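Accompanying notes for the structure given below.
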DNA sequence: CTGAAAGCGCTTACAG
DNA sequence: CTGAAAGCGCTTACAG
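Protein chains in written order, with our numbering: chain A, 1 to 334; chain B, 335 to 668.
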């Protein structure tokens, strides 16, 4: 197979042109050993001129490190995960690492398995994993954590001995409950993502500290699910004056459903979400929500992973604070 | 540095346990040479049991291929690019390649340079590049295209001898112009992204086929810019009944600005965008827009890049069709 | 159907 | 301050 672009230079080539050994070239580039200044300058000039970049595979084979991390998210086209990715990438870049972002297509086992193999094949030094299904790790993930460093982002898996970086989900539920209670609401409903996720269970649990018998409808994380779950509540004749949606997409779906049924928001029904995705302030009415700092989540996850790689000690888990963002979708109970 | 996780198995280990040579193990895994069925079965069982995954660097050093592609986008947290990434990843995965998605932080030269080095260090086999600044390629990019395959996505750079995958931007402008003309509008304004981008120039050019003296305000691609450019037009006392925004974020900003100035949409002013991002149908009023097939753009770009890698022949550029999506933000001229 | 050996491009002890 | 050489884990001609 003929490649149309020119050949790559090797360290051998640089050494030959500079009239030194590859050892000296290597040390000049790494700075791990003193090199005569004039020699070093000559080598660097040649490197610059030819545009030489050391082959990563050669380097990796000896050093054992690729200086690339992987981030697996359920769906990269969702801005929520995009924002985590952005924070993670920013921090990885700052520390001289590349970040490989990949979708698992909502935790498709085959796709996950492929990405886990990147760690196992040493193509990446570690993995940031964002699950979307449940808290019970699959066999592949369980095996993986024995072979390389994995940090869980946005979810916890109690049975897996790895650190996680999550928001204070219990507190998010509490804040939502307190907010609706303060507005005089008494019979809210809750619409949430998959029941198998600890984040959902905790948000519900926190919310029930204010409304201990609130009915919960579990579904998935998208707008359609929010619409459908709300429609179910209406169809069942449940009498509610407010909705706690466990994320903003669900909340947007709830708002659309309520409007389609002639309910005005917040005059007749209040809706509060969780996340504060970009969309939250762009919809009408603006969505009251509990903000998660998703960029920070990505950033902290990278910090944990790199500290682990560099010290050899497994870092502790992190819980990030959340805060109420009041907009127009919640109001005093009618 | 002590790693807390166990050692990795090598092909040597598998060979020793199976009582064969590494040659036989290698051929069993690659299928490039016949192996006695019983021997192959025994080897595969051991591979399975120990969870052996061949080291990617060892493989790459001989084969020259990493089977990883890179996609550089200005900002991964924007759903527009997330959607391109999703399409690209889907196709890469289908053909057995991994995809490394990275933000260039709006074409920050240092960040770009880092990602270009991934190609030059042979860590990835090729690059999909989405520029955000202008059509004049930097020195790094110019050098890169001589060293590895690069496919431009969403933008063209006429001075660079590489294939591109773009939407029919001229046609997008034409459709927008025809739509507004059909509704009786006569004096529209145009708000667009950077003037240095061919996509913007073409959209404006297409639009001017209906309104040859339309005033154009150039800015950047975000909601704030759309707001500001529209405010500028109002402040300058320009009398317009419609706005052609060269992307949906600009359109959303325009809508917000017009509302803040007491204009109702579409009764007083019509607004039409380009892209059809998720947000377009979620805002109120729903945004009339020219849809680009962003997932397809990513998919086709990967197809081009892999065909190039596998045949050695540079593929031709692709122009994808666009279509009008009518929602509520455009109406008959007052 | 199988194996010994060369070699991909680096890094790094070892020796000077 | 410098270099020859071993070796990282694979793949693949070469030889049987």
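Where a beta carbon is used, it is the ideal one built from N, C-alpha and C, also for glycine. Given the structure is predicted, the values throughout are model-derived calculations rather than measurements.
I want to know whether the segment 69 to 77 of chain A touches the segment 42 to 57 of chain A - three or more CB-CB distances under 8 Å.
no
Cβ closer than 8 Å: which chain A residues qualify as neighbours of residue 410 of chain B?
In the second chain, residue 410 of chain B corresponds to position 76, counting from 1. Within 8 Å Cβ-Cβ: 76, 82, 85, 86, 89 and 101.
Would residue 389 of chain B pass as an interface residue toward chain A - the criterion being a Cβ-Cβ separation below 7 Å?
Locating residue 389 of chain B in the second chain gives position 55, counting from the first residue. Yes, residue 389 of chain B lies at the interface with chain A (some Cβ there is under 7 Å from its Cβ).
At 9 Å on the CB atoms, spell out the chain A contacts of residue 586 of chain B, in chain order.
Residue numbering aside, residue 586 of chain B sits at position 252 when the second chain is read from its first letter. Near residue 586 of chain B (Cβ distances below 9 Å), the residues of chain A are 282.
Suppose the cutoff is 6 Å on Cβ atoms and the five residues either side in sequence are ignored; what does the same chain contact list for residue 17 of chain A look like?
Taking the first chain and counting its residues from 1, the one referred to as residue 17 of chain A is at position 17. Cβ neighbours of residue 17 of chain A beyond the five flanking positions: 46.
Is there contact between the segment 510 to 519 of chain B and the segment 527 to 545 of chain B, where contact requires at least three CB pairs shorter than 8 Å?
yes
Assign residue 463 of chain B to one of three DSSP states: helix, strand, or coil.
The residue you call residue 463 of chain B lines up with position 129 of the second chain. Of the three classes helix, strand and coil, the one that applies to residue 463 of chain B here is strand, per DSSP.
Are residue 273 of chain A and residue 411 of chain B closer than 7 Å when you measure CB to CB?
Reading the first chain from its first residue, position 273 is the one you call residue 273 of chain A. Reading the second chain from its first residue, position 77 is the one you call residue 411 of chain B. No, the pair does not count as a contact, with Cβ atoms beyond the cut-off.
Check the C-beta distance from residue 221 of chain A over to residue 199 of chain A and give it rounded, since I have them as a contact under 8 Å.
As a first step, residue 221 of chain A must be located in the first chain, where it is residue number 221. As a first step, residue 199 of chain A must be located in the first chain, where it is residue number 199. Not confirmed; about 10 Å, so no contact.
Contiguous alpha helix (DSSP H) assignments of at least 4 residues, all confined to the segment 277 to 334 of chain A:
294 to 311
Could you check if residue 299 of chain A is buried or exposed, using at least 16 other CB atoms within 10 Å of its CB as the buried criterion?
The sequence position of residue 299 of chain A within the first chain is 299, counting from 1. The residue is buried, with at least 16 neighbouring Cβ atoms inside 10 Å.
Return the CA-CA distance between residue 398 of chain B and residue 430 of chain B, expressed in angstroms with no decimal places.
By 1-based counting over the second chain, the position of residue 398 of chain B is 64. By 1-based counting over the second chain, the position of residue 430 of chain B is 96. Distance between the alpha carbons of residue 398 of chain B and residue 430 of chain B: 16 Å.
How about residue 456 of chain B: is its C-beta nearer than 7 Å to some C-beta of chain A?
Here residue 456 of chain B refers to the residue found at position 122 of the second chain. Closer than 7 Å to some Cβ of chain A, the Cβ of residue 456 of chain B qualifies, so yes.
Using the C-alpha atoms, what's the distance from residue 631 of chain B back to residue 489 of chain B?
Your numbering for residue 489 of chain B matches position 155 in the second chain. Your numbering for residue 631 of chain B matches position 297 in the second chain. Answer to the nearest angstrom: the Cα atoms are 11 Å apart.
Reduced DSSP secondary structure (H/G/I, E/B, other) of residue 103 of chain A:
Here residue 103 of chain A refers to the residue found at position 103 when the first chain is read from its first residue. Three-state result, residue 103 of chain A: strand.
In the DSSP output, which residue or residues are listed as bridge partners for residue 406 of chain B?
Mapped onto the second chain, residue 406 of chain B falls at position 72. According to DSSP, residue 406 of chain B bridges with B:436 and B:463.
Helix, strand or coil, according to DSSP, for residue 275 of chain A in the structure here?
Residue numbering aside, residue 275 of chain A sits at position 275 when the first chain is read from its first letter. Residue state, collapsed to three classes: strand.
Close-in-space but distant-in-sequence residues of the same chain around residue 342 of chain B (CB under 7 Å, 5 per side omitted):
The residue labelled residue 342 of chain B in the question sits at position 8 within the second chain. No residues qualify anywhere along the chain.
Any heavy atom of the ligand ATP closer than 6 Å to the beta-carbon of residue 487 of chain B?
As far as ligands go, the structure on display features none, and thus does not contain the ligand ATP.
For residue 145 of chain A, the nearest candidate out of A:90, A:165, A:168 and A:120 (CA to CA)
Counting from one through the first chain, the residue named residue 145 of chain A turns up at place 145. Ranking A:90, A:165, A:168 and A:120 by Cα distance to residue 145 of chain A puts A:120 first.
Ignore the nearest five residues each way along the sequence and tell me which others in residue 324 of chain A's own chain have a CB closer than 7 Å to its CB.
Along the first chain, one-based indexing puts residue 324 of chain A at 324. 175, 179 and 290.
Please look up how many angstroms separate the CB atoms of residue 230 of chain A and residue 216 of chain A, rounded, as I've assumed it's under 8 Å.
The sequence position of residue 230 of chain A within the first chain is 230, counting from 1. The sequence position of residue 216 of chain A within the first chain is 216, counting from 1. The Cβ separation is near 13 Å, so there is no contact.
Using a Cβ cut-off of 9 Å, which residues of the segment 479 to 491 of chain B contact any Cβ in chain A, in chain order?
479, 480, 481, 482 and 483
How many Å lie between residue 159 of chain A and residue 98 of chain A at the Cα?
Stepping through the first chain from its first residue, residue 159 of chain A is reached at position 159. Stepping through the first chain from its first residue, residue 98 of chain A is reached at position 98. Those two C-alpha atoms are separated by around 29 Å.
Locate the beta strand (DSSP E) running through residue 525 of chain B, then write down its first and last residues.
For the purposes of this step, residue 525 of chain B is taken as the residue at position 191 of the second chain. Per DSSP, residue 525 of chain B belongs to the beta strand (DSSP E) from 522 to 526.
In this structure, does DSSP put residue 115 of chain A in helix, strand or coil?
Looking up residue 115 of chain A in the first chain gives position 115. The answer is helix: DSSP assigns residue 115 of chain A an H, G or I state.
Who are the Cβ neighbours of residue 483 of chain B in its own chain at under 7 Å, not counting the five residues just before and after it?
For the purposes of this step, residue 483 of chain B is identified with residue 149 of the second chain, where counting begins at 1. If we look at residue 483 of chain B and ignore the five residues flanking it on each side, its Cβ neighbours are 460, 639, 642 and 643.
By the criterion of Cβ-Cβ separation under 7 Å, what are the contact partners of residue 61 of chain A in chain B?
Here residue 61 of chain A refers to the residue found at position 61 when the first chain is read from its first residue. Going along chain B in sequence order, the residues near residue 61 of chain A (Cβ under 7 Å) are 391, 392 and 395.
Could you name the residues of chain B that residue 292 of chain A contacts, counting a contact when the two beta carbons are closer than 8 Å?
For the purposes of this step, residue 292 of chain A is taken as the residue at position 292 of the first chain. Within chain B, no residue comes near residue 292 of chain A; the closest Cβ sits about 14 Å away, beyond 8 Å.
I'd like the ranges of any beta strand (DSSP E) spanning at least 3 consecutive residues and lying wholly in the segment 130 to 171 of chain A.
150 to 153 and 164 to 167
Strand pairing of residue 578 of chain B, partner residues [DSSP]
Taking the second chain and counting its residues from 1, one reaches residue 578 of chain B at position 244. In the DSSP output, where bridge partners are listed per residue, residue 578 of chain B has B:524 and B:606.
In terms of alpha-carbon separation, which member of A:140, A:161, A:143 and A:241 lies closest to residue 183 of chain A?
If you number the first chain from 1, residue 183 of chain A lands on position 183. With distances taken between Cα atoms, residue 183 of chain A lies closest to A:241.
7 Å is my cut-off, CB to CB: does residue 465 of chain B come that close to chain A?
By 1-based counting over the second chain, the position of residue 465 of chain B is 131. False, the Cβ-Cβ gap to chain A never drops below 7 Å.
So residue 51 of chain A contacts chain B; which residues on that side make the cut at Cβ distance below 7 Å?
Locating residue 51 of chain A in the first chain gives position 51, where the first residue counts as 1. Per Cβ cutoff of 7 Å: 477.
Would you call the CB atoms of residue 27 of chain A and residue 20 of chain A closer than 7 Å?
If you number the first chain from 1, residue 27 of chain A lands on position 27. If you number the first chain from 1, residue 20 of chain A lands on position 20. Cβ distance not < 7 Å, so residue 27 of chain A and residue 20 of chain A don't count as in contact.
Would residue 501 of chain B count as contacting chain A if we go by Cβ distances under 7 Å?
By 1-based counting over the second chain, the position of residue 501 of chain B is 167. Taking Cβ atoms only, chain A never reaches closer than 7 Å to residue 501 of chain B, which makes this a no.
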